[in-house]
Structures are given as C-alpha cells and as structure tokens.
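Report on the structure given below.
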Amino acid sequence: MQDDVSTILDPLNPAQREAVTADQGNRLVLAGAGSGKTRVLVHRIAWLLQVQDIRPWRILAVTFTNKAAREMKGRIEEMLGEPVGGMWVGTFHGLAHRFLRAHWQDAGLPQQFQILDSDDQFRLVKRILKAMELDEARWPPRQAQGFINSQKDEGRRPEHIDAAGDFFQEQMLRVYRAYQEACEKAGSVDFAELLLRAHELLRERPDILHHYRERFAHILVDEFQDTNAIQYAWLRLLAGERDNLFLVGDDDQSIYGWRGARVENIQSFQRDYPNTEIVRLEQNYRSTGTILGAANALIANNPSRLGKNLWTDGSAGEPIRRYAAFNEIDEARFVVERIRRASQDEGRARSECAILYRTTAQSRLFEEALIQASIPYRVYGGQRFFERAEIKDALAYLRLIGNRNDDTAFERIVNLPPRGIGPRTVDLLRTQARADGVSLWDAAKTAVSRALLPARATGALRGFVELIEGLAARADAEQELPDLVAEVLEASGLPAHYEKNKDGRGIERLENLEQLVEATRRFAGEVPDDDGDILGSFLAHAALEAGEAQADGFEDSVQLMTLHSAKGLEFPLVFITGVEEGLFPHSMSASDPTRLEEERRLCYVGMTRAKQQLYLTHAESRRLHGREEYALPSRFLREVPAELIEEVRGGGVSRPQGGTAGMGFGAGGGMGTEDAGEGFRLGQRVRHPKFGDGVVLNSEGGGAGARIQVNFETAGAKWLVLTYARLEPV
Ligand code: ATP
Ligand code: MG
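Okay, so the sequence shown: first residue is 1 according to UniProt numbering, each after it adds one.
See the structure below:
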C-alpha cells in the first residue's frame, strides 16, 4: 500500500501533491503551460481510486481529445498496476454520446441513431438549401452550417431565437428548422446536437439527473479554458451541489474562441462556486529557460490575462533559432534539413520532432520535402482515415444497415456502385419522401411495391432494397464485427467498383477498404464497454475519432500538425513555421484585438510545446491563394526578446552583426527595430536611384561584402552589394 501511494505521490512537487491529495471540494488548478496540470489530474484520479477507495464508475473525467483519454487511462492503470474498468473518461462529445446511447429513448432518439460528422452535416445543409430553393451564392452552406452550430453551442433551439425583422436571421432560422426536422426524421445527430441533447435530457428529467449526480462522486476536466457554454452548463447540472468539480486549465491557452469556447467560463466558475479553491502551479517542467522566457515575454503582450508566474530550475538551454526563408519552398527545405541533421547527427528519434503550422494547407510542402528526403512522417489530425471517400462509402452501407432512415447514407450509396438509379429517380424519391414526411428508404420501398417508377428504375431500386435488407439480416445473425464488415463490403460491390476505377487511385482505395476491416478488428479487441451493439459503437467511433490515431504509427516518424492540434502535447524539437503577418497572426484576426489575442495565445501554445529546441521560421514570399505574396515577419517575432533568438542562415548559424560597417541589418538583428535607423530591416521599404521603390527581402554576408536582396516594384527582385547600392529608406 505504501508503495502504491509513493508511485502516485513521489513524482509530484509539494503544490501538485497538495492538489492531488486534497479533500472533497471544488478546485480550479489555474496554471501555465507545462506546469503539470495534466499530470495532477491523472494522479488525482489514481489517488481517488487507490487511497480514497472510490469505485472507478463513480469518476467522470473529460479530456480534450480521444487520444488524451486513452493515454490518461493507460497511465492510471500503469500506476495502479491493474486495469480500471467502468470509468467514464473521454471528450465532451464522446461522453455525451455514451450518455445518449444509454438513454436513447428518453432523449427521443432511435436506438440506432447515427452521428453526422461535419462533412455529412455540410452535405445535408446543402441539400436543405436546395430544397428550400435558396441560392447558394447568396446563402453559402458553410455560413448556414456555422449558424446552426453556434446556436446549438449556445444551447439555442429554433424556438429560442427571435429573428423578427432581421431578414438574414429569419432565413437562417428557417434553414435551422428544416435542418433539424431532417435530422429528427433520419435519426441523425451532429456534434453540437450531442452536447445540446445530453444537456436537455439532464435538465428535463430530474430522475435521470438524480441518478448521475448520485453516481459521479468526482468530475475532473482538463483544458477547461476551452469549454463552450453548453459544456459548462452540462458540467454544472451534473455536479449540482456536490462540490466535486476538479478543473484544470490555463487562460493563456484558450484557442478555440472562434469555435464557441468561452475562456470566461474560468471567471464564471469562480463566481458560480464561490467556495472554489484556486490552486496555482508555477514551476514549469517542460521547457528550457530560454523557451520559457520567450513564451512568457510573448504572452505578456496580451492585456486581458488572469496573470500567472512560470519559472523553471532547468538550464537556459540553446537559443531559439529563427530562419528567414526566401520563400515557402526554402522554408520546407530548411526544416527538413534540420530534422535530417537532428536525427542523423544528434541521434534524435524522428518522433521527437514536430512541425507546427497555422493552417492545414501549409502541410503539403513539408510532406513533399519529407518524402523527397525519405523521412517518414505522420500528419496528426489531418484528413481522418474515416473521412476518405471510399471509407465513407463503406460506412454508409453500414449506417444504412443500422438505421434505414439515415437519408445521408441512403443518398450516398443508392447508386454507388452505379446500379441504374439515376438522379431523376432520386429526385422523385426526395419529393415523395418530403410529401409523405417519410425517409428516402420508406419512399423507395413504397415506390417499389407500388411500381410508381418506370419499370427499369423500379427493378434497379428493388435490387438495392433487397441488397440492404439482405445485409441487415446478416448483420443480425453475424456476431463478429470484422466478418460482418468484410461481408458487407463484398456484397456492396464497392471493391470491384474501385478496382475498375481509372483514376489511378484504385489500389490505394482497395487497401484502405482492407484497412477498414483491420480497424474493426482492432476496435472489437479494445471496445471499452460492449453494450451489445458493436456495429453502432464502431460507427460512433468512426465519427468521433478526430484523426488522432494516425499519429500512433508503428514507424518512428516526424509529427506534423496545426498549432491548434498541438495543444497538450510536447516534443523535444519544435518548428513553428509560417510566422508571418497575414498568416500568423492570420489576416482574419489581425485587425480585431480579441482575435489577435487569441492568435498570440496560439503562438504561446506552440512555443510551450518545445522541450529543448525551438525554431521559428518565416518566408519572405509565399504563394497564398494562388498568388505570390510578400510577407512581413510576424509581430510575434518582435515580441520575443532579441537576446533569446539566434539567426540561422541557410547553411550555418551566424549571430547578428549589429553595427558592422554601419549595417545593422540582415535577416539577423535586422528584426530588432532598433537598428532600423542606420541599417535596413527585412520587409522595409527602400528606394534605389535607378530601380525605384522596393521591399528588402533578404541579406547575406557582413561588412564590405554584405549583399542585400530587394524586390523592386518594377524591376523585380535583385541582389545588390550594400556598400554600392545607395539605398535609402522610404
Ligand atoms: P499544458 O498546459 O501544455 O497542457 P500541463 O500543465 O498539463 O501542460 P503536463 O503535460 O502535465 O503539463 O506536464 C508537463 C511536463 O512536465 C510533462 O512532461 C510532465 O511529465 C512533466 N512534469 C510535470 N510535473 C512534474 C514533476 N513534478 N516532476 C517532473 N516532471 C514533471
Ligand atoms: Mg495539459
């Protein structure tokens, strides 16, 4: 027993230990990046189980990703030396789904309700706009989708919205209503609906609420700063008066405001539960002193902060390295070259290296450069396996087998592979379904039995109906999920269809379908609580898994991801790329102070992922939206103290040569605005007697040999020897 307790407590500092062993009571661990918040949460659960003898099923723990949930469970089991069954650990969405599965009837859902992922949702919204004869150019489906989701995130049903007088709102409201009706009919539930419905169920059913309040003796939440209104409301309902909330978070890492997350929940929590004890952790265990100093200096530029200290007793470590690439291709080349050196010369595992970027589109060049260098990599949270077209096709068969009212699935596969059911037939079915208020499936069955369509169409449709019914019968009889999926695939005709496909991706698609069978095999092996409907559980898993599993490859590979998906993770070597005005901070955010602060927090999150080495790279020109654009280095670079940064040139490293020959410029110290007077800065506008006006792009060498590259408005980009160039600042 003593040993077990020391496994839990020894790896903690006094402040962490106090939080882990605290008595019952609401607690908010408010602390900076890398201070051990997640560690505290995990050890707290182990402590509750081991020392307080809390049964696992009495614990509810919320993580930000499914992967984090798996890791959390794994670490607790490691500490306790035994499996822990029955604990509710997952994301808000995962937990809400679990809850609705258990209470589908009370929630007014069909037992086989299906989850719409955002791509499915988008298609459905498009179909609805079309049925309502709303022009997509005027009413973009993305906007309508965004409207629906943000209303749901705030807990609003159509009847709660007063759009009177506002034409735009009125239209959106009509779309929301029609969309909701379609979902109800099909028995499908989008991500936001999972949360909203779970909340409504608790609110409207005191008996169910009572049950869960009794059950969950402890509720723990990681990354609390990124909860939205409905998630917080759900937590409050569940907790009731029990004073059993243990929340950890960092206001400086709130990066999902654009998606409805509310960092104000941190303040609301302290107001709503005045007896909350605030716990602060100030020692950072992750990063070197230099990295931490840089991150602290950066975030200090945000005016609205709750304020925290963060220190480390680790060494200062290496300087942060900054590279000004000529363009985005040069940037990718540089990063990949540094990774190659790190793994070959310094013996770093490739998985210790992470490339972070602001937008997903940036990954492509890094991928190409990595492929060229034969370095294995994984794109984390990139296109999900379950989002690939062929996988969605196959899943649509499974979904329709599970729930015949799933119109989205029906539309996807009714004529895939082609079986002679043309768009006209489908249109007729849609009209019929709408008129009778039934699903497409029911409309199809009626059309077949009453022979409402031309003979050929009827025959084709009958074939489809019989195929699905036959497969559904097999599903009822077949106990093993992988076997069932293999059977369905074969009968669907999809593999043969892709094999014939001439787009050159046939083999890849076939391999992916095989992977799907593999995925079900793995899933069947580790499904946590089998409630008898393993197909349903698997389909939910496919919809909720957010591409995280891809990063768990067997091969040692470089990790690529957006800054957003890097939250909570850590790597010895981190590259933050594209650190340019317009890209990071993103152009959509630069002029709005609130959003700019969020971008800065995102940069803080990125920097604090690094344990030992951090690179910040930016390109002086970049193809964006099909155009070549010149970009200024990001203001975030200026906000990091210059003495913590070392400039890197293509090949080696050169320290800024401030003042040499009066030319304190260069990709180096040039960024320090202080030498702008005598020298030139990258991005600075200059005038040349012959070439006219231009922008400083690059520089190399020092002293008399220093050269400077300027992109002239009319003459184009030129390298000039600085001593002779007779450039003037404009
Ligand atoms: P983030 O805000 O980025 O989510 P966090 O506050 O959750 O960070 P953790 O991920 O829990 O921090 O911890 C950061 C790193 O420090 C991890 O590698 C963790 O194992 C380590 N660590 C935490 N506490 C201690 C400690 N007391 N002694 C040694 N290492 C620690
Ligand atoms: Mg954490």
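C-beta atoms are modelled at their ideal positions from N, C-alpha and C, and glycine is treated no differently.
Computed from a predicted model, the values in this text were never measured in an experiment.
If only uninterrupted beta strand (DSSP E) runs of at least 3 residues are considered, those enclosed by the stretch 257-293 are 277-279. A distance criterion of 7 Å places the beta-carbon of ASP117 beyond contact range of the ligand ATP, judged by its closest non-hydrogen atom. For the pair HIS688 and GLN253, the Cα-to-Cα distance works out to about 45 Å.
For the options GLY90, ASP250 and LEU60, the alpha carbon positioned closest to that of LEU28 is the one of ASP250.
The C-alpha of GLU328 lies about 11 Å from the C-alpha of GLU580. Here the distance from the Cβ of ASP162 to the nearest heavy atom of the ligand MG is not below 7 Å. Going by beta carbons, LEU484 and ALA475 fall inside the 8 Å limit. At a Cβ-Cβ threshold of 8 Å, ALA396 and ILE413 count as neighbours. Distances between the C-beta of LEU12 and the heavy atoms of the ligand ATP include at least one below 7 Å.
According to the DSSP secondary-structure assignment, ASN327 is paired through a beta bridge with SER621. Exposed is the label assigned to GLY716, since fewer than 16 other Cβ atoms lie within 10 Å of its Cβ. Listed in chain order, the alpha helix (DSSP H) runs fully inside the stretch 481-566 are 481-492, 494-500, 506-526 and 534-544, counting runs of at least 4 residues. Following the DSSP letters along the chain, one finds VAL648 inside the beta strand (DSSP E) bounded by residues 645-648. Taking all protein chains shown into account, TYR724 has fewer than 16 neighbouring C-beta atoms within 10 Å of its C-beta and is therefore exposed.
Within the chosen limit of 7 Å, the ligand MG does not reach the beta carbon of LYS67 with any heavy atom. In terms of side-chain proximity, the C-beta atom of THR7 is found no nearer than 7 Å to any non-hydrogen atom of the ligand ATP. When DSSP reads this structure, PRO585 sits in no beta bridge, so it has no partner. Note on geometry: alpha-carbon atoms of LEU247 and ARG262 lie some 15 Å from one another. Three or more pairs of CB atoms, one per stretch, sit closer than 8 Å, so the stretch 4-22 contacts the stretch 35-50.
Proximity of the beta carbon of GLY568 to the ligand MG is indicated: a heavy atom of the ligand is located closer than 7 Å.
Taking 8 Å as the cut-off, the Cβ atoms of VAL336 and ALA294 do not count as close. Per DSSP, the unbroken alpha helix (DSSP H) holding GLU599 starts and ends at 593-607.
Annotation: the continuous alpha helix (DSSP H) that includes ILE371 extends over 363-372. Check the Cα spacing between LEU513 and each of ILE219, GLU499 and LEU220: the tightest is with GLU499. The Cβ atoms of THR7 and MET79 sit closer than 8 Å to each other. For LYS185, the three-state secondary structure derived from DSSP is helix.
Taking a cut-off of 8 Å for Cβ pairs, the stretch 55-62 and the stretch 315-326 do not touch, as fewer than three such pairs fall below it. Annotation for TYR397: the continuous alpha helix (DSSP H) segment containing it runs 389-402. When beta bridges are read from the DSSP output, LYS718 appears opposite VAL710.
Of the candidates VAL605, ILE391, ARG333 and GLU390, the residue whose Cα lies closest to the Cα of GLU367 is ARG333.
Distances between the C-beta of ARG286 and the heavy atoms of the ligand ATP include at least one below 7 Å. Between the C-alpha atoms of LEU471 and ASP117 there is a straight-line separation of about 24 Å. Here the C-alpha atom of ILE208 lies approximately 11 Å from the C-alpha atom of ALA102. GLY402 sits close to GLN114, with the two beta carbons spaced by under 8 Å. The nearest non-hydrogen atom of the ligand MG is less than 7 Å from the C-beta of ASP222. When secondary structure is reduced to three states using DSSP, GLN16 falls in the helix class.
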